[in-house]
Amino acid sequence: MSRKQRLGDFLRDWRAPRDPNQVPGFTAKFGHRDRLGITQAEMAVLTGVTEGWYRRLESGRIERPKTEWLERIVRILDLDEAQRHTLFVYARGQVPPPLYRPTGAVDPSTSALIQVQPWPAYLSDSAWDVLLYNAACEKDWPWMKHGINVMIWALTYPEARLQLINWEEDWAKPMASQLRLAAAEQPENRRLTEVVAEIKERDRIAARLLTDDLTTVTHPDGDRRWLYLPGHGDEEFEVTFRCFAPLSDRTQRLMLVVPSDYPVATEPAASGYAAAASRAMPSTSSNVVDGTPGTPASW
-2 MSRKQRLGDF LRDWRAPRDP NQVPGFTAKF GHRDRLGITQ AEMAVLTGVT EGWYRRLESG
58 RIERPKTEWL ERIVRILDLD EAQRHTLFVY ARGQVPPPLY RPTGAVDPST SALIQVQPWP
118 AYLSDSAWDV LLYNAACEKD WPWMKHGINV MIWALTYPEA RLQLINWEED WAKPMASQLR
178 LAAAEQPENR RLTEVVAEIK ERDRIAARLL TDDLTTVTHP DGDRRWLYLP GHGDEEFEVT
238 FRCFAPLSDR TQRLMLVVPS DYPVATEPAA SGYAAAASRA MPSTSSNVVD GTPGTPASW
């Protein structure tokens, strides 16, 4: 059996046990399903290709598929590092490229602040590369563990349009506005220039928004937006973004994603973080309050 033919065996084996409910927005797109597994037709939609193209991949008839498209498979099927390595070797005949690793150091106290949050929290730099995130963030935004730039993911990735409700108006236009303004303010920021160029090259809708749209948003602090969460089917969740910047380094952004229906605290302060975690977004686990060792986005 050839390497290409063997690839199909691996992909079918990885698709079979995947829980569709863990793919944000899957149920809203395809409807509720009790059984495990993702079909070839669903994989095609989730990764942004035709069903015929995906079928040809599994039958070994696609020569050297693009790296980015293979990374989509990795995220949709939640492949581990060994599986990702296997996918690239059998699909392209080479090992996968190393994930992007930001060079910025994170102060230990800032890391501790992020890790104790019961809600998703992360730190990014001036180009929206993620420097650090907590366990709740990885649970609700699993793409972060693959080292993906926030803007590139939100503006160009097919799964972002599945998870983020009313994607273009409520998410893409405000974020494109932020990115466009930042690029104009920092023409010397090489990494930011790379991010803008990559977005324009990867997606025509995002390119149009960056070039032609006149939305003016400087930051998302206080914005309320809707999304789907892993493990919650087609239930819609409204979240509020709270944004902060360390006074000692304003190139960094600390983002908290808080449930919009989070109640005003009525218990004594002594109840601590555990009570806060119990009222957090359903998908965030209470063990976040105990602290989780910092995990770089490129892990």
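Start counting the sequence shown at -2; every next residue gets the next number (our numbering). All C-beta atoms in this analysis are idealised placements derived from N, C-alpha and C, irrespective of residue type, glycine included.
In this structure, V127 sits away from V103, with a CB-CB distance that is not shorter than 8 Å. Listed in chain order, the beta strand (DSSP E) elements of length 3 or more contained wholly in the segment 4 to 60 amount to none. Comparing alpha-carbon positions, the option among T64, L4 and V86 lying closest to R58 turns out to be L4. In this structure, L43 sits near P155, with a CB-CB distance shorter than 8 Å. A contact between stretches requires three or more CB pairs, one per stretch, nearer than 8 Å, and the segment 205 to 215 meets this requirement with the segment 168 to 180. Counting every other CB atom within 10 Å of its CB across the protein chains shown gives R12 a total of 16 or more, marking it as buried.
In the three-state DSSP reduction, L226 falls in the coil class, being neither helix nor strand. Comparing alpha carbon positions, the residue from T107, G34, E68 and R32 closest to S245 is T107. Nearest in C-alpha terms to Q37, of all of I162, V71, R53 and N131, is R53. Put simply, of A181, D231, L224 and E235 the residue whose alpha carbon is nearest the alpha carbon of T215 is A181.
The beta-bridge partner set that DSSP reports for P94 is empty.
Per DSSP, reduced to three states, the secondary structure at R247 is coil, with no helix or strand assignment. For V193, the uninterrupted alpha helix (DSSP H) run begins and ends at R187 to R199, by DSSP.
Contact between T237 and D122 is absent: CB atoms are separated by about 23 Å, not below the 8 Å threshold. Counting every other CB atom within 10 Å of its CB across the protein chains shown gives K63 a total below 16, marking it as exposed. If the five residues before and after P217 are omitted, its C-beta is found closer than 7 Å to the C-beta atoms of P171, F238 and C240, all from its own chain and listed in chain order.
Annotated as proximal: Q114 and L253, with beta-carbon spacing under 8 Å. Note on T213: under 16 other CB atoms within 10 angstroms of its CB, so exposed under the neighbour-count rule. In the three-state reduction of the DSSP assignment, E235 falls in the strand class, which pools E and B. A Cβ-Cβ separation of about 7 Å places W125 in contact with V192 under the 8 Å criterion.
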